[in-house]
Amino acid sequence: MTDFNFFRDGGNGILKVPTIGPYLPCTMKQLATVVMVEYSPPYEMGAIIQRSQRFLDDSMPEIITASIGEELYTRIRQLEGRAYMIGARYDEPPGVFTSQRIQRSHSDLSANAVIDLVYTLEARYRPSSAFLCSENTLREVRRLQDADGRFLYQDSLAPGVPARLIGYPCYTDPDAPDRQLMFGDFREGYRIDAQPYFTILRDPFSQKPHVLFHATHKTGGKVENDEALKILEWNNAS
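Here the working numbering runs 23 ahead of the position in the sequence shown, where the first position is 1.
Structure below.
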């Protein structure tokens, strides 16, 4: 069980939790440039959970801390991960796949189309580039073969080492749209601003005998350099 080291802010019942610890992987947090900022980023992601008063009375403090912190943290990370991928609403960061700034190629999915995608990117960005797509998209992409019958996709050979697509790292994300394959230098192309903590407000009154915990985290995301990212989009089923 993880201790998230809650600390009170001003004694007003608001808790601030450092944004460290276990949470569902967020692919864009792995790939993009992430900057922890003290100013207030433009978007606020929120989640609410409840616990019974009996649980709070009977459980050890570290269990309460871990239970509440991990669940809220995971929920907010899920919302943020989706937004960084396909955010399109006014109240969430614009997603990398929904950006109108990134050049898109429309073609049937083929080995040549994937190779062409790589070479639409300027040479200076390619050494640090990777592919990004959904699991459904990967299922189509990994069937592709070159003229000699060799598969373009190579599975990972060790834990923590990404698979390869024509020699470049290939990542998947559950929130990426289907039949779109992105290639580029994500650290150069997309920037995430995030406060180094999220805030939890305890509400013992609204849902008696339960206690509500409202968590918020301020973040922002945007395409910083549209020349560093390219997208291949297709409609045919391979």
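The C-beta atom is built at its ideal place from N, Cα and C for all residues, glycine as well.
| Query | Result |
| --- | --- |
| Tell me whether Gly110 sits in a helix, a strand or coil according to DSSP, three-state version. | coil |
| Could you give the first and the last residue of the continuous alpha helix (DSSP H) run that contains Thr143? | Ala134 to Thr143 |
| Take Ser128 and list the residues in its own chain whose beta-carbon comes closer than 8 angstroms to its own, dropping the five residues that flank it on each side. | Ala136, Asp139, Leu140, Thr143, Lys253, Ile254, Leu255 and Glu256 |
| Does DSSP put Asp216 in a helix, in a strand, or in coil? | strand |
| How many angstroms separate the CA atom of Pro182 from the CA atom of Gln53? | 16 angstroms |
| Between the Cα of Met330 and the Cα atoms of Pro200, Val234, Ala134 and Tyr194, which residue gives the shortest distance? | Given that the chain is displayed from residue 24 to residue 261, the structure contains no residue 330 and the question cannot be resolved. |
| Considering only the beta carbon of each residue, do Gln73 and Gln230 sit closer than 8 angstroms? | yes |
| Would you tell me roughly how many angstroms separate the C-alpha atoms of Tyr46 and Phe154, rounded to the nearest one? | Here the model assigns Tyr46 a pLDDT of 44, short of 50, so the residue's position is not dependable, and the following value carries that caveat. Tyr46 and Phe154: Cα-Cα distance of roughly 23 angstroms. |
| What residue does the beta strand (DSSP E) around Glu256 start on, and which one ends it? | Leu252 to Glu256 |
| Please state the DSSP three-state secondary structure of Ala238. | strand |
| So, Phe236 versus Ile91, is the Cβ gap smaller than 8 angstroms? | yes |
| With Pro116 and Gly244 assumed to form a contact (beta carbons below 8 angstroms), what rounded beta-carbon distance in angstroms separates them? | 3 angstroms |
| State buried or exposed for Phe276, treating a residue as buried only when at least 16 other CB atoms are found within 10 Å of its CB. | Because the chain spans 24 through 261 in this model, residue 276 falls outside it and cannot be assessed. |
| Measure the C-alpha to C-alpha separation of Pro65 and Pro84 and round it to an integer number of angstroms. | 33 angstroms |
| For Glu158, count neighbouring C-beta atoms within 10 Å of its own C-beta (all shown protein chains included) and say buried if the count is 16 or more, exposed if not. | exposed |
| Would you list the residues sitting across from Pro192 in a DSSP beta bridge? | Arg187 |
| Helix, strand or coil, according to DSSP, for Val58 in the structure here? | strand |
| Would you mind stating whether Asp196 and Met108 have Cβ atoms separated by less than 8 angstroms? | yes |
| Please state if the CB of Tyr148 and the CB of Gly207 are separated by a distance shorter than 8 angstroms. | yes |
| Considering just the uninterrupted stretch of the beta strand (DSSP E) at Phe206, what are its terminal residues? | Gln203 to Gly207 |
| If you follow the alpha helix (DSSP H) that Phe154 is in, where does it begin and where does it stop? | Premise fails: Phe154 lies in the beta strand (DSSP E), Ala153 to Cys156, not in any alpha helix (DSSP H). |
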